[in-house]
Amino acid sequence: LKVAVVVLLLGVCSVHALRAVPQESPLVSAEGNFQASNCSWNGNGVKYDLSSLTRTDADYSTTDKEGNTWNVNVCAPTVTPCTESTPLCVKHKSDGSLVSGGAFASQNLFLIAKTPEAIYRNGKSCENNGKSEATSATFGFFCQKSGADGIHSVLALDACTFHVNFSTKLVC
């Protein structure tokens, strides 16, 4: 399933292909070695090491057009406390509530068309259209040859599912 979404965030209009990744997907590279402890991938002639993106002093942070604050860390839980150990925490401007984006313990790194994506599932229970479901987040890593590594855009696909586009020279 491939969905094109226009995102207007951070004052930049951009089009991204968001990929829904089922448990068994032919797009996901099954061969290779993902090391969660050091956030690296080596396989199928592709090697990525994203461990240098992990922050210990402060999260990567941005504010969306509704005024919600998104705190993000790569390959580690957010530095800012949230509702659980999570790589993504959204603080809602309207009421100050916190929503996590998946449980850090469920971290998996996949290669989709040789592009790394970190997927976090099984987060705290969340109310979505009258149903209770677990929060989840996908981080897509995209090549940016110059400039600082960081959040390019964020998107809440619904009340419990989040997507972060993260730009870095480490995947170029």
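Using our numbering, the first residue of the sequence shown is number 1, and each one after it goes up by one.
A virtual CB, placed ideally from N, CA and C, is assigned to each residue, including glycine.
This structure is a prediction, so every number in the text was calculated from the model and none was measured.
Measure how close the beta-carbons of residue i and residue j come, nearest whole angstrom, since I'm counting them as under 8 Å.
i	j	result
residue 138	residue 160	Not really, about 13 Å apart at Cβ, beyond 8 Å.
residue 79	residue 56	7 Å
residue 46	residue 59	Their Cβ separation, rounded to whole angstroms, is 28 Å, which puts residue 46 and residue 59 out of contact at 8 Å.
residue 144	residue 169	6 Å
residue 87	residue 76	7 Å
residue 164	residue 48	Not confirmed; about 16 Å, so no contact.
May I ask you to report which of helix, strand or coil DSSP gives residue i?
i	result
residue 58	coil
residue 21	With a pLDDT of only 38 at residue 21, under the threshold of 50, the placement of this residue in the model should not be trusted; the figure read from the coordinates follows. If DSSP states are grouped into helix, strand and coil, residue 21 belongs with coil.
residue 79	coil
residue 15	Confidence is the limiting factor: at residue 15 the pLDDT is only 33, short of 50, which leaves the residue's position unreliable and the question unanswerable from this model.
residue 10	With a pLDDT of 32 at residue 10, under the threshold of 50, the modelled position of this residue cannot be trusted; read the value that follows with caution. Residue state, collapsed to three classes: coil.
residue 26	Note that residue 26 scores 34 on pLDDT, short of 50, meaning its location in the model is unreliable; the coordinates nonetheless yield the value given after this. Reduced to three states, the DSSP call for residue 26 is coil.
residue 72	strand
residue 167	strand
residue 85	coil
Can the beta-carbon of residue i be found closer than 8 Å to that of residue j?
i	j	result
residue 89	residue 97	no
residue 141	residue 162	no
residue 51	residue 40	yes
residue 126	residue 117	no
residue 128	residue 158	yes
Hey, is residue i's beta-carbon within less than 8 Å of any beta-carbon in chain D?
i	result
residue 40	Here there is only one protein chain, and chain D is not present.
For the stretch 87-112, list the alpha helix (DSSP H) runs that are entirely contained and at least 4 residues long, ordered along the chain.
none
Any chance the stretch 119-133 sits against the stretch 142-155, with 3 or more Cβ pairs inside 8 Å?
no
Identify every run of the alpha helix (DSSP H) within the stretch 114-164, keeping only runs that are complete inside it and at least 4 residues long; order them along the chain.
Qualifying alpha helix (DSSP H) stretches: none in this window.
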